[in-house]
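Q: Once you've had a glance at the structure underneath, I'll fire off some questions.
Laid out in structure tokens, this is it:
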């Protein structure tokens, strides 16, 4: 391709110098996007440069979205900023309004860069294609040049209007192609567009024969040509606005011209020309020597192979510029290794910040020094901790950047070994808050971490940090709580010794920080909803109250649980005397007014707490004498007191005024049906399985409460629907699930019960009539429901005393809790269920392990524990209500069930390479063939089995999970992985399967009989006696020794004599009245002989210590019709037999294969000789058996192939 000299069009020259200069200066810092790690490496520099210059911005969440597509409006905005254009001229596009964020950019770039669609529209949201991007970029930067597009496979798909643009873009290196294609019609991504724009800026900044123009210091500039300089004087260098006092060729590189200039202005862009041709531009370097320099982050973590950026901030004398000051970064290392020494000089930006990025490929800790290039005494030191993975990481467990005052925010910390990247257990770490480090006492933020008021005062008088230790997973948690505070949690390495703990924070410590968290009154943004249950008119009388429901939601519309809401009457709080009400708040449990005064709820003001649904209820009423009274409840949330129960409504607190209720004398307003316990009391819907639900139909007043008014109920018809899973009965009538029955009474109630005390439920509807003054009043009552729960069954909402708990892996009913008198319920280990736990202080307890530790504390202290159990869908919540000394009433404190012995995890067995023919029987393995378990009560099962190459073989786990099969698919090899579990832990077993071509044999045993390794032999001399002095003989089959025994020798004397005289063969020990001899060699059989009959019990033959040889078998299934070479192999040993194709039967072929070994040995075939040395081959019918000649440990497997 040819590349011509380029000149910017008149349109492009409107760019401001500052923006263009900032765009073309290389910047080493990474853009501060949240998703910077997702930016492709080939786009990182371009994105960094354009972001640092203000050309690129992230979305509202701080993300760059590198894979997002670029719209026409976004592209116009990028050029508007990059070129520093002015939004002048009219705008006539129908789809662009003056209040659109892209309006100025569209005006500034149209019609020079962007045109409409021909119908008067700009199409701002349309996606930009690569062809359109090429056109506007080439136009924006006036790029010239031609390139041969035919080298791209889709060059023919480029439309005529885009060919010249693509040619110029390729010639200038702006577009390199998408693989082998130009992909003109593809939408362009944000990463691709940023890269093209940056390349266009570079292409336009230097002449075609120049590599770069760089300011070395405030008076030196280097021009790096592509070719050696032949005549330096002939080049006639000029710099606009700067005198050139000398020009020489660099001694170490004859393609570089070194220009000496007058003192440059820091940050100013200069243009170098030669004979009127622009060679390039550079940014002036400051001559200012900084007064100080400081690494802004003195501890950085780096991941091997990825860039890390360090930044240094300079300070200067008052009035001096901070821009363009050279700063040197020095990183020690070992040249010739993966961590060489690094040195780089970078100039500061307008804020006095210099940044440098680099990477490492081996774990280490770098000491990074940044110093002023002009004054080495001005320096700062920091540290970069490199690891295979992020060494120290903090993750949020509790999400949200704003937390309510007094609430907790929990974090998880993970520590990994720098070299291996594996998590480390037992690592001790400190946790503090950056805002509380090196400050005076009056500046401390009001926070605690794990209950510690963390601080590190600048005067050194107080240093407090919370220490945490990683668990077996390399993880630890900590909790931050505070009030009206903003802090940055920081976790740093603790350098404890055997005698002292280290809590002090140093900026150079290995550390990780979390995002800032603010503790404030989040309730200020809450919304309160108040709903009246019933009409506007209620009956007078404290028992005829009107119920209201409160719902509290946070700023995101989610319900607010456990929130305290204050309730009063608007008539009493509006400060208008004439609107006071006589109404009051009623205790719903007693239907009586709250007291007129006191520290708790009163009849004029109460507080309620929302449940898990964000709901709460309250009741208002007025005295029966206060007809025509009215009341308007007002609810608010206190945000200015710790207990949320302030007596006053303050400005700015969230509040809501409810619907008004008017009170009138009671009158008949319909009928209702309610369920009661036979023992009396208020209407309920929940019953124990052995209780009776008494349904009563009654006339009600306007408050929905019982009303007589002279009416008498004469006839009531009840229809009972069984909506549960077990039978119910009414009298002697049994109603099965999904069935109904109708009953008629003369005004009496109807009693319903669970037929067998089991859990079930009913729905009852009543109709009837009432009479007054000889007139009948017919009614249909609303339905009522009743749920029966078995006496020992814990209902979905229950509060009671805990009697016992079973921790994880403790056998039957593990992960269970027993409430007193109830069956156990699970607190963990149920698939599809989410478990939550809360302690007595209301704080959430995270995780099964922490919950068990809390229960263990109560157990150790012999404490009675009352807790609630709530099932809400798939979420099960346990909350500790009270904790106290054991009362001995229901239990003597909560007790832990004795845990079972520690579980022995399953262990993988060694499974050698397996072979199977393509037409062979699938390989079948049981769980116990591939793994073992020391816990004999455990049943091993297959969790899953899979291959890494399903084209060679597939796997299937049998029903019951006790075995699995490997089925061949095509010839080849694949690795099989099988996961075995004992129900508590798992183990992976790996082996290889080789699938051969179609086979004529089947493996029957591999090995058919497991070998027994050689062992020691023992012999027991039972109650031996020596009546006459003499010798006995001790032998092992190959060696024997005579042992002399004295007359009357005891068993101890006999053992001592044998150990002294036959120590080379055996060891003798006394066992009661016997003497036991154990061979020192394995694979032998110990014998003793008493040839002279010197006593009794002295002649014995011991156990056989020899090994059992491994044995292999295979069966000949069929006979090939053509000659085939059968290869019989055990491990690497083999011999071969070539069939004739005329064998008459499988048995005949088997005999021929067996006989071939002797034939080949006689012919001195090396493979056969080696095989024969180790194995015997026998044949029975069509089955061949191969047996070790010398029993020995082996993992070798049998394979038989035919080719």
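Numbering (mature numbering (1 follows the signal peptide of the UniProt record, and there is no 0)), first residue to last: -30 to -1, 1 to 1173. From the three backbone atoms N, C-alpha and C, an ideal C-beta is built for every residue, glycine too.
For residue 697, name the three-state secondary structure that DSSP assigns.
A: coil
Q: Report the start-end ranges of each alpha helix (DSSP H) in the region 159 to 204 that is 4 residues or longer and not cut off at the edges.
A: 160 to 175
Q: Would you kindly work out how many angstroms separate the C-alpha atoms of residue 1029 and residue 1006, rounded to a whole number?
A: Note on geometry: alpha-carbon atoms of residue 1029 and residue 1006 lie some 15 Å from one another.
Q: Taking contact to mean 3 or more Cβ pairs, one atom from each stretch, closer than 8 Å, check whether the region 947 to 962 and the region 909 to 920 are in contact.
A: Touching, per the Cβ criterion.
Q: Out of 565, 542, 485, which one is the CA nearest neighbour of residue 512?
A: Nearest option by C-alpha distance: 565.
Q: Should residue 666 go down as buried or exposed, given a rule of 16 or more other Cβ atoms within 10 Å for buried?
A: That one is buried.
Q: Pop quiz: residue 407 and residue 482 are said to be a contact at Cβ under 8 Å. What is the actual Cβ separation, rounded to whole angstroms?
A: Between residue 482 and residue 407 the Cβ distance is about 15 Å, and since that is not below 8 Å, they are no contact.
Q: Distance, Cα to Cα, residue 592 vs residue 569?
A: 22 Å
Q: Please identify the residue among 64, 1039, 342, 109 whose C-alpha is closest to the C-alpha of residue 46.
A: 109
Q: Mapping DSSP to helix, strand and coil, what is residue -15?
A: Any reading at residue -15 needs caution, since the residue's pLDDT is 31, under 50, leaving its predicted position unreliable; the model's value is listed next. DSSP places residue -15 in coil when its eight states are reduced to three.
Q: Within 10 Å of its beta-carbon, does residue 595 have 16 or more other beta-carbons around it, so buried, or fewer, so exposed?
A: exposed
Q: Per DSSP, which one or two residues make a beta bridge with residue 958?
A: 949
Q: To the nearest angstrom, how far is it from the Cα of residue 1165 to the Cα of residue 894?
A: 18 Å
Q: Reducing DSSP to helix, strand and coil, say where residue 312 ends up.
A: strand
Q: Just curious, the alpha helix (DSSP H) that residue 50 is in, first and last residue?
A: 42 to 52
Q: Among the residues of its own chain, which have a CB less than 6 Å from the CB of residue 212, if the five just before and after it don't count?
A: 231, 232, 240
Q: If the criterion is Cβ atoms closer than 8 Å, does the pair residue 996 and residue 983 meet it?
A: No, they are not a contact pair.
Q: Please classify residue 492: does DSSP put it in a helix, a strand, or coil?
A: helix
Q: Please report how far the alpha carbon of residue 1112 lies from the alpha carbon of residue 1122, in whole angstroms.
A: The straight-line gap from Cα to Cα measures roughly 12 Å.
Q: If you draw a straight line from the C-alpha of residue 835 to the C-alpha of residue 743, how long is it?
A: 59 Å
Q: Skipping 5 residues on each side, what residues in its chain have a beta carbon closer than 7 Å to that of residue 372?
A: The beta carbon of residue 372 is closer than 7 Å to those of 488, 490, 492 in its chain, skipping five residues each way along the sequence.
Q: Assign residue 102 to buried or exposed, taking buried as 16 or more other Cβ atoms, counted over all protein chains shown, within 10 Å of its Cβ.
A: buried
Q: For residue 1013 and residue 953, I'd like the C-alpha separation in whole angstroms.
A: 56 Å
Q: May I ask you to report which of helix, strand or coil DSSP gives residue 14?
A: helix
Q: For residue 587, is the classification buried or exposed, using 16 other Cβ atoms within 10 angstroms of its Cβ as the cut-off for buried?
A: exposed
Q: Can you give me the Cβ contacts of residue 986 inside the same chain, cut-off strictly under 7 Å, excluding the 5 residues immediately before and after it?
A: 1048, 1049, 1052, 1075
Q: List, from N- to C-terminal side, the beta strand (DSSP E) runs of 3 residues or more that fit wholly inside the region 412 to 478.
A: 417 to 419, 425 to 427, 436 to 439, 445 to 452, 455 to 457, 459 to 463
Q: Residue 133 lies in the alpha helix (DSSP H); which residues open and close that run?
A: 130 to 141
Q: If you count every other CB in all the chains shown that lies within 10 Å of the CB of residue 777, and 16 or more means buried, which is it?
A: buried
Q: Which value, in whole angstroms, describes the spacing of the CA atoms of residue 788 and residue 333?
A: Whole-angstrom Cα-Cα distance: 52 Å.
Q: Taking 8 Å as the threshold (C-beta atoms), are residue 144 and residue 169 in contact?
A: It is a contact, given that the beta carbons lie within the stated cut-off.
Q: Go to residue 734, then tell me how far its beta strand (DSSP E) extends in each direction, as first and last residue.
A: 730 to 742
Q: Thinking C-beta only, is residue 277 closer than 8 Å to residue 361?
A: no
Q: Could you have a look at residue 585 and say whether DSSP puts it in helix, strand or coil?
A: strand
Q: If the criterion is Cβ atoms closer than 8 Å, does the pair residue 417 and residue 452 meet it?
A: yes
Q: Following the continuous alpha helix (DSSP H) through residue 230, name the residue where it begins and the one where it ends.
A: For residue 230, no alpha helix (DSSP H) segment is defined; the enclosing uninterrupted segment is the beta strand (DSSP E) at 226 to 231.
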